[in-house]
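Each residue of the sequence shown is one higher than the one before, counting from 1 in our numbering. Have a look at the structure below, then the notes.
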Amino acid sequence: MLSIYCDQFDFSRLCKAFDGEVKADCGLSAEIIFTDKLEIRRLNRETRGKDAVTDVLSYPSLDDIRGVTLEKADFSADLDEDGNIFLGSIAICTDRAREQAEEYGHSYERELYYLAVHGLLHLAGYDHMTEEDKTQMREREERVLSKLDLKR
């Protein structure tokens, strides 16, 4: 079961919907930080060398875990204080989420959840660099959003 720590929202619903997307013999955790355009731009510039506002940034703690069953014994250095494997951190720009919700014609809630799911999938090793990878990632995004009853 995934645990997400966030001081602005209750994501227990997201954790339940994301359950099973990453196989593990123990709990998983991730951090989600909500920020504004200035901070996301700073993070993007300092960590990716891109001086631009973006909607979500993902900082995975683990490499090459896509499709792998995570075993606690293999990740003893990556456990949080509760004994869960820590997947990494996500920064979501709430300003961009509001803009994109309006642009795409859906709710702010749906956009926030989409960005969180997208970021979590990056932490789990998914990407969208090739068409095949993009298709697999989009299918997983839609599956989790459907569990949340947040359709486009």
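Backbone N, C-alpha and C define an ideal beta-carbon position, used for all residues, glycine too.
Cα-Cα separation, residue i to residue j
{"i": "Gly-67", "j": "Gln-136", "result": "11 Å"}
{"i": "Gly-88", "j": "Leu-121", "result": "11 Å"}
{"i": "Val-117", "j": "Arg-138", "result": "10 Å"}
{"i": "Tyr-126", "j": "Glu-141", "result": "10 Å"}
{"i": "Glu-109", "j": "Tyr-59", "result": "22 Å"}
{"i": "Val-22", "j": "Glu-81", "result": "20 Å"}
{"i": "Glu-76", "j": "Gly-20", "result": "Sequence inspection shows Ser at residue 76; the Glu mentioned does not correspond to that position. So the two alpha carbons sit approximately 21 Å from each other."}
{"i": "Asp-74", "j": "Ala-124", "result": "16 Å"}
{"i": "Thr-94", "j": "Gly-83", "result": "30 Å"}
{"i": "Ala-17", "j": "Ser-29", "result": "14 Å"}
Cβ shell of residue i (< 7 Å), same chain only, five flanking positions each side left out
{"i": "Ala-24", "result": "Thr-69, Leu-70, Ile-85"}
{"i": "Asp-78", "result": "Ser-61, Leu-62, Ile-85, Phe-86"}
C-beta atoms of residue i and residue j nearer than 8 Å
{"i": "Leu-115", "j": "Val-53", "result": "no"}
{"i": "Tyr-104", "j": "Leu-150", "result": "no"}
{"i": "Lys-72", "j": "Cys-15", "result": "no"}
Cβ shell of residue i (< 8 Å), same chain only, five flanking positions each side left out
{"i": "Asn-44", "result": "Lys-50, Asp-51, Ala-52, Val-53, Thr-54, Leu-57"}
{"i": "Asp-133", "result": "Tyr-126, Asp-127"}
Any non-hydrogen atom of the ligand FAD closer than 7 Å to residue i Cβ
{"i": "Val-22", "result": "Ligands displayed in this structure: none; no statement on the ligand FAD is therefore possible."}
Buried or exposed by the 16-neighbour rule on C-beta atoms within 10 Å, applied to residue i
{"i": "Tyr-5", "result": "Any reading at Tyr-5 must be qualified, since the residue scores a pLDDT of 46, below 50, and its modelled position is unreliable; the value itself is stated next. Tyr-5 comes out exposed."}
{"i": "Leu-38", "result": "exposed"}
{"i": "Gly-119", "result": "buried"}
Cβ shell of residue i (< 6 Å), same chain only, five flanking positions each side left out
{"i": "Ile-33", "result": "Ala-91"}
For this session: Mind listing, in chain order, the continuous alpha helix (DSSP H) runs of no fewer than 4 residues lying wholly within the segment 32 to 56?
Result: Runs found: 37 to 48.
Exercise. Unbroken alpha helix (DSSP H) runs of length 4 or more, entirely within the segment 62 to 111: which are they?
Worked result: For the segment 62 to 111, whole alpha helix (DSSP H) runs of length 4 or above, ordered along the chain, are 94 to 104.
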